[in-house]
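A.B. asks: Position 122 of the sequence shown, counting from 1, maps to 122 under the numbering used here, and the rest follow consecutively.
Pasting a structure here, questions to come.
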Amino acid sequence: MSHGVHAVQHEVEHKIKHEQGHGDDGHGAASLNKRIALLIAVIALCLAFSETLGKSAQTAALSDNVEASNLWAFFQAKTIRITTLRTAADTRKVDADLATDPAAKAVMEKQIKGWLDTAARYEDEANPPEGRKQLMARAKVAEGKRDLALARYHHYEVASAAFQIAIVLASATVITGMLVLTWLAIGLGVLGIAFTFIGLLAPHAVHLF
Numbered sequence: 001m002s003h004g005v006h007a008v009q010h011e012v013e014h015k016i017k018h019e020q021g022h023g024d025d026g027h028g029a030a031s032l033n034k035r036i037a038l039l040i041a042v043i044a045l046c047l048a049f050s051e052t053l054g055k056s057a058q059t060a061a062l063s064d065n066v067e068a069s070n071l072w073a074f075f076q077a078k079t080i081r082i083t084t085l086r087t088a089a090d091t092r093k094v095d096a097d098l099a100t101d102p103a104a105k106a107v108m109e110k111q112i113k114g115w116l117d118t119a120a121r122y123e124d125e126a127n128p129p130e131g132r133k134q135l136m137a138r139a140k141v142a143e144g145k146r147d148l149a150l151a152r153y154h155h156y157e158v159a160s161a162a163f164q165i166a167i168v169l170a171s172a173t174v175i176t177g178m179l180v181l182t183w184l185a186i187g188l189g190v191l192g193i194a195f196t197f198i199g200l201l202a203p204h205a206v207h208l209f
């Protein structure tokens, strides 16, 4: 929660205590202020949830992005190895075609086969899943998880902003006595809850960024 929101809440608490110290009978302004204080507490609880979920989603997005980057780097390394092996095999094949010694030709053909077999394994290796084909699939899965976490993070950020503004508006009601600010705070609180659930259940349903 921001320092500005904390400052406003502190001012509200001070005002409520001040009114209680003057012997208010529980009705009127003090009673209303207590209700608004309860509303602020509820919104603050919602803010705590949205910020916690936002931090979690942000951490997950960073982790998945690193995983995707590492997998694509591994994919590129495999691609370079495959290209090198196939180029070497093509070059050696030319040498084998020109060779006149049957024994030397057999050795070169065996070497060519070994290189091509290794290149094929680098292209498709299911166990462990480290072939180029498997690395591409794993990288795309990691990217999908990253994008999902980022979508959730953005919705939680919007929800947190709505909750913080709602707290400020509700607190301002205590200070100014303008009830319209409370209704605006309630509306923003509902909006924040809506975005929290969108981020949790259907982060791709609404596109804001």
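Just so it is clear, CB atoms sit at the ideal spot from N, CA and C, and this is done for glycine as well.
Keep in mind it's a predicted model, so treat the numbers as computed, not measured.
Alpha carbon to alpha carbon, how far is G187 from A166?
C.D. replies: Those two C-alpha atoms are separated by around 8 Å.
A.B. asks: Which residues in the same chain have their Cβ closer than 7 Å to the Cβ of V88, if we skip the five residues on either side of it in sequence?
C.D. replies: The question names Val, but residue 88 is Ala in the sequence shown. The residues are W115.
A.B. asks: Give the straight-line distance between the Cα atoms of I43 and A60, rounded to the nearest whole angstrom.
C.D. replies: 26 Å
A.B. asks: What residue from F75, F195, L62, Y156 has the CA that sits closest to D124's CA?
C.D. replies: F75
A.B. asks: Could you work out which residue in G54, A77, V158, A37 is closest to M136 when comparing CA atoms only?
C.D. replies: A77
A.B. asks: Going by other Cβ atoms of all chains shown within 10 Å of its Cβ, with 16 needed for buried, is A73 buried or exposed?
C.D. replies: exposed
A.B. asks: Are at least three pairs of beta-carbons, each pair with one atom in the stretch 185 to 203 and one in the stretch 92 to 105, less than 8 Å apart?
C.D. replies: Contact between the stretch 185 to 203 and the stretch 92 to 105 is absent, because fewer than three Cβ pairs lie under 8 Å.
A.B. asks: Can the beta-carbon of A172 be found closer than 8 Å to that of L181?
C.D. replies: Cβ atoms of A172 and L181: closer than 8 Å.
A.B. asks: Suppose the cutoff is 6 Å on Cβ atoms and the five residues either side in sequence are ignored; what does the same chain contact list for A185 look like?
C.D. replies: A166, L169, A170
A.B. asks: Leaving out five residues on either side along the sequence, give the residues of the same chain with a beta carbon under 8 Å from the beta carbon of G131.
C.D. replies: K78, R121, Y122, E123, D124, E125
A.B. asks: For the alpha helix (DSSP H) containing V206, name the first residue and the last one.
C.D. replies: It is not in any alpha helix (DSSP H) - V206 carries neither H nor E in the DSSP assignment.
A.B. asks: In terms of residues, what are the limits of the alpha helix (DSSP H) holding E125?
C.D. replies: Unbroken run through E125: none, as it is neither H nor E.
A.B. asks: Determine the extent of the alpha helix (DSSP H) in which A151 is found, giving its start and end residues.
C.D. replies: 132 to 176
A.B. asks: Rounded C-beta distance between V158 and L208? I'm assuming under 8 Å.
C.D. replies: 7 Å
A.B. asks: If you compare alpha carbons, which of H154, H204, Q164 is closest to K55?
C.D. replies: Considering only alpha carbons, the answer is H154.
A.B. asks: Does the Cβ of N33 have 16 or more other Cβ atoms within 10 Å, making it buried, or fewer, making it exposed?
C.D. replies: buried
A.B. asks: Is D101 helix, strand or coil when you go by DSSP?
C.D. replies: coil
A.B. asks: Leaving out five residues on either side along the sequence, give the residues of the same chain with a beta carbon under 6 Å from the beta carbon of R152.
C.D. replies: A57, G199, P203
A.B. asks: Among I112, E143, M178, D64, which one has its Cα closest to the Cα of R86?
C.D. replies: Nearest of I112, E143, M178, D64 to R86, Cα basis: I112.
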